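Heads up: the sequence shown runs through residues 911 to 1222, numbered per our numbering. Here a beta-carbon is modelled for each residue, glycine too, at the ideal position from N, C-alpha and C. As the structure is a prediction and not an experimental result, all values here were calculated from the model. Worksheet: the structure to be examined is printed underneath.
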Amino acid sequence: MTPPSAVDIGRRVSIRIVAADGSSRDLVGMLTDLITVRGRDGSGMPFDPAAISHWRLIPERAARAGMGAPLSVRVRELEAAAAATWPAEVSVMYGDWLLRASSGITQRANSALPLGKPPGAIEQGIARVIEFSGAEGITPAIQVPLPTCAELDQVVGSLGWAVRSENHVLVHDTRSLELPDPGLVIRHDGEPTDDWQSVQGPDEAASIMRRYPADYASVWVDGRAVGAGRIAIADGWGIISRVFVSEEHRGRGMGAAVMRALAATAQGARIERLALQVNADNAAALRLYARLGFRRHHRYRHWVLAEQEIAD
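As structure tokens, then:
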């Protein structure tokens, strides 16, 4: 039987694996790569594609984006999906905490992400983050989803950590966004091309982006790209990131055009829900997303440990 392919990554699947002795097991969850399914608890379940007896895609639920399940479940699901589309060079699970390290300065890929509870007390979890970060040569950092991790938020604050950034996670229903103006020149690529990156400027995140399949949309004017953005599919979500417009073309609707082009990609993949992460200080982006109908699902703080605290 033909196993899942790259186009199925990020979709929910049900796979039956038959071992050499005839025993079987069913894997249900998100296909994170061609040999791993991630379950609801965040655990990875590796499999041998040659051992698949049959498999199927699980139809996506038509629930409104960010609605339906209890908030704690929705926050975990959305944070896990976003993390899957932005994979770090090194990822280690510590209980339900995802420890991440990468080269460059990207905050998300160089921080711990609590998707549940650590194996022991919160203080033990924080100590493990510091230990892991030291081994990887990065500054200890924790991405704290709120309000679900309010206790952790209070503890890291009391231990001398500093807030590096406040961020919003926004959601939208894919079909509520209009399609792009047919008069615009829009290009879609399967990787961050030189033209796409020319809008972004120097970008240390390119290596991270290439680790996960995504659509890279760009809007063109007079033969050059003036707007760009990325969308990657994970667990029924279209995760939007890296939306930029060249400075001389801002205020002309190019940002909205990029967003609509990315939404069209999601529609083509039958993805009903969109999400993005945006810094709370990015007023221009927040205005754009509000005009397009995005609404806040939750927020998170990015905490870092000061160097003097590490030395102590």
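Close-in-space but distant-in-sequence residues of the same chain around residue i (CB under 6 angstroms, 5 per side omitted)
i	result
A1173	T1084 and L1087
I1220	Because the pLDDT at I1220 is just 42, under 50, the model does not fix this residue reliably, and the point stays unresolved.
D1222	With a pLDDT of 31 at D1222, under the threshold of 50, the predicted position of this residue should be treated as unreliable, though the coordinate-derived value follows. Here the set comprises nothing.
F1042	L1009
C1059	P1024
G1014	E1114
G954	T946 and R948
G920	I1143 and A1144
A1016	According to the sequence displayed, residue 1016 carries Thr and not Ala. Cβ within range, chain order: A1115.
S982	T1058
For residue i, the three-state DSSP class (helix, strand or coil)
i	result
Q1218	Note that Q1218 scores 41 on pLDDT, short of 50, meaning its location in the model is unreliable; the coordinates nonetheless yield the value given after this. In this structure, Q1218 counts as helix in the three-state DSSP scheme.
S915	coil
Y1122	coil
N1192	coil
Q1053	strand
R1160	coil
L1186	strand
P956	strand
L1062	helix
T995	coil
Anticipated Cβ contact below 8 angstroms, residue i with residue j, distance rounded
i	j	result
L988	H1207	6 angstroms
V1109	V1136	7 angstroms
V1054	V1039	Not confirmed; about 11 angstroms, so no contact.
P1029	G1047	Actually they do not touch by this definition, with Cβ atoms about 24 angstroms apart.
Nonlocal neighbours in the same chain, by C-beta distance under 7 angstroms from residue i, ignoring five residues either side
i	result
A930	none
P997	I1118, R1121 and Y1122
Residues of its chain near residue i, where Cβ-Cβ distance is below 8 angstroms and the 5 sequence neighbours each way are ignored
i	result
F1204	L1080, V1081, H1082, L1184 and L1186
S934	R926, I927, V928 and S963
Which listed residue (the options) has its alpha carbon closest to that of residue i
i	options	result
G1111	G1161, E1157 and N1192	E1157
I1286	Y1210, G1163, I1141 and Y1199	Lying outside 911 to 1222, the shown extent of the chain, residue 1286 is not represented and no answer is given.
T912	H964, L937, R1097 and P956	H964
R1018	I1036, G1026, T1049 and G1044	T1049
field: Whole runs of the beta strand (DSSP E) within the region 1080-1134, excluding any shorter than 3 residues
entry: 1095-1099 and 1125-1131
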